[in-house]
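Numbering (our numbering), first residue to last: 2 to 513. Even for Gly, the Cβ is constructed at its ideal location relative to N, Cα and C. The structure presented is a predicted model; accordingly, all values stated were derived computationally and were not measured.
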């Protein structure tokens, strides 16, 4: 960008650069496509995991797009007077677009100004919508707690949904019920145009497309950019006598490539030297039940003795209820699954013994660990140290012996069969860990009295249990929403296909 503004390159060089810039854009979009696909928040699915990403990645992804659009608009906006070469060279420059040779200062310029202008307008709209995310990411460079909290406090409501499906042809009726709270919406990656292209698939974002389709599409786009670059150089009348000479500009990139190649080779060899591990994934259902005897890392009464606090109560400066609410944390738990996925519970106000009872499903391997950190939202809002405590859980160590699909068969070795019988055999495979208690740690030591209750289950076929909704009769019904979708196809007075789906959602106000 600086070189272009100083007219240090010609118009042809700038056109080649715009094509070459597509390659890092595709690479970056491919790298964050899965991240962007996994992070989508839905109000009716509060138990979806989100991906962990750094604020620097959010800012770098946005800055790369901003500089690319700025460079392209600058080049084509100043094309008649652009570059270091004489004006007659710019007038002879051709733009190669899908094999068509267009005059760079004529229809080629008009085409690029229109295309890049539309892309820039869409980028400006995405930036405007994600402005608070950019601000949060900038603050997140200096504060670890900015991206841990949702963008807005979740509504203190509970939705009870009843879905009825009726088949007009067979007469079958299916009724399903579930309870859920509105999902928490967090700051997410601002998806660029290339991210949206790679995230799109004609048949939806299925497993096959995420595994192979995105790679194929990214490869095709990169191949197109390389082809256009090669045609741009070959079909323009330039002196290519120096193109095959090696200089500093060719040697330096090769030297810089050596370091990441060796780092990749080292990572592969290190993984092989650790020995074989079972890398297949398995879906488990996790439940964070609650915690006990939590205390705030810092409170407004720090520095006050018990006698002083009692004196304030006797002088009616504060009531006992005010003191208890101030000293009690408003805890929420952040679960990190395998260093990649995050799940955040709701913050329960003024509770030393929170009862979350929140469930979620996750794909884990035998070596996956779950780190549970509990924070106090009161301290976090004030900018104080907010970590109450943490613990580390190995999910498969919680399951009872022999739980799973590894039933003894004729293919098992005698040693494996004997070990399976000693563990209880197939009859012991309940797949339920029961609620287990884990001590909380902070500052490399166990916190006396504080604990976390957690459970694991291999039963993921049944619907997710509802959250803790004890005392529903005390909730206030706010409104009832009913949606009905009917699809009927008749032929000669006979119903060939017909379905009706009725969804009734009751929204309750939960007590504070």
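Per DSSP, what kind of secondary structure is residue 422 in: helix, strand or coil?
Its pLDDT being 39, under 50, residue 422 is placed unreliably by the model, and the measurement read from it follows with that caveat. It is helical.
Are residue 20 and residue 164 close, meaning C-beta to C-beta below 7 Å?
The answer is no: Cβ separation not under 7 Å.
Could you check the C-alpha separation between residue 236 and residue 95 for me, to the nearest Å?
If you take the alpha carbons of residue 236 and residue 95, they lie about 8 Å apart.
Straight-line CA distance for residue 363 to residue 50?
8 Å
Apart from the five residues on each side of it in sequence, which residues of its chain come closer than 6 Å, Cβ to Cβ, to residue 39?
The predicted position of residue 39 is uncertain, since its pLDDT is 49 and thus under 50; no value can be drawn from it.
Pick helix, strand or coil for residue 104, following the three-state DSSP scheme.
strand
Close Cβ partners of residue 17 (< 8 Å) along its chain, the five nearest in sequence each way excluded
Excluding sequence neighbours, residue 17 sits near 230, 233, 234.
Is the beta carbon of residue 326 sitting closer than 7 Å to the one on residue 380?
Contact: no.
Is it the case that the segment 138–157 contacts the segment 482–495, given that we only count it when at least three CB pairs across the two stretches are under 8 Å?
Verdict: no, contact absent.
Determine the direct distance from the alpha carbon of residue 150 to that of residue 135, and round the result to whole angstroms.
Their backbone Cα atoms lie some 15 Å apart in a straight line.
Leaving out the 5 sequence neighbours to the left and right, which residues in its chain are closer than 6 Å to residue 413 when beta-carbon positions are compared?
Only weak support is given to the placement of residue 413: the predicted model assigns it a pLDDT of 43, under 50, and the value that follows is read from those uncertain coordinates. So no residue of the chain qualifies.
Reference residue 366, options 282, 97, 82, 68, closest by Cα:
The option with the nearest alpha carbon to residue 366 is 282.
Please name the residue in 355, 392, 383 whose C-alpha comes closest to that of residue 373.
392
Under the DSSP definition of a beta bridge, which residues are partnered with residue 488?
Answer is 500, bridged to residue 488.
With a threshold of 8 Å, are at least 3 pairs of Cβ atoms found where one atom belongs to the segment 125–135 and the other to the segment 167–182?
no
Selection from 455, 505, 71 that minimises the alpha carbon distance to residue 286:
455
Do you know offhand how far residue 411's Cα is from residue 440's?
Per-residue confidence for residue 411 stands at a pLDDT of 40, beneath the threshold of 50, marking its modelled position as unreliable; the derived number appears in the next sentence. About 42 Å.
Buried or exposed: where does residue 54 fall if 16 or more other Cβ atoms within 10 Å of its Cβ makes it buried?
buried
Where do the N-terminal and C-terminal ends of the alpha helix (DSSP H) with residue 397 fall, by residue?
396–399
Nonlocal neighbours in the same chain, by C-beta distance under 8 Å from residue 333, ignoring five residues either side
345, 346, 347, 348, 349, 375, 376, 378
Which listed residue (502, 479, 499, 103) has its alpha carbon closest to that of residue 508
For the set 502, 479, 499, 103, the Cα lying nearest the Cα of residue 508 is the one of 479.
Going straight from the alpha carbon of residue 110 to that of residue 227, what length do you get?
20 Å
Do the CB positions of residue 162 and residue 506 come within less than 7 Å of each other?
yes
Mind pulling the beta strand (DSSP E) runs of 3 or more residues that sit fully within the segment 330–405?
332–338, 342–345, 359–365, 371–377, 388–394
Sort 290, 301, 222 by Cα distance to residue 360 and report the nearest one.
290
Classification of residue 284 by the beta-carbon crowding that lies within 10 angstroms, buried from 16 upward
The residue in question, residue 284, is exposed, as its Cβ has fewer than 16 Cβ neighbours within 10 Å.
Need the endpoints of the beta strand (DSSP E) that residue 441 sits in, please.
437–443
Residue 481, buried or exposed, once every other Cβ within 10 Å from all chains shown has been counted against 16
Per the 10 Å Cβ criterion, exposed.
Residue 133 classed as buried or exposed, judged by whether at least 16 other C-beta atoms fall within 10 angstroms:
exposed
Could you tell me which residues DSSP puts in a beta bridge with residue 455?
289, 437
Give a yes or no on whether the C-beta atoms belonging to residue 294 and residue 190 are separated by under 7 Å.
no
Residue environment, residue 435, which counts as buried when at least 16 other CB atoms sit within 10 Å:
Under this definition residue 435 is an exposed residue.
Environment of residue 312 [buried if 16+ CB atoms lie within 10 Å]:
exposed
May I have the straight-line CA-CA distance separating residue 500 from residue 170, to the nearest angstrom?
Going from the Cα of residue 500 to the Cα of residue 170 covers about 8 Å.
Can you give me the Cβ contacts of residue 357 inside the same chain, cut-off strictly under 6 Å, excluding the 5 residues immediately before and after it?
289, 291, 346
Between the CA atoms of residue 342 and residue 459 - distance to the nearest angstrom
Roughly 19 Å separates the two Cα atoms.
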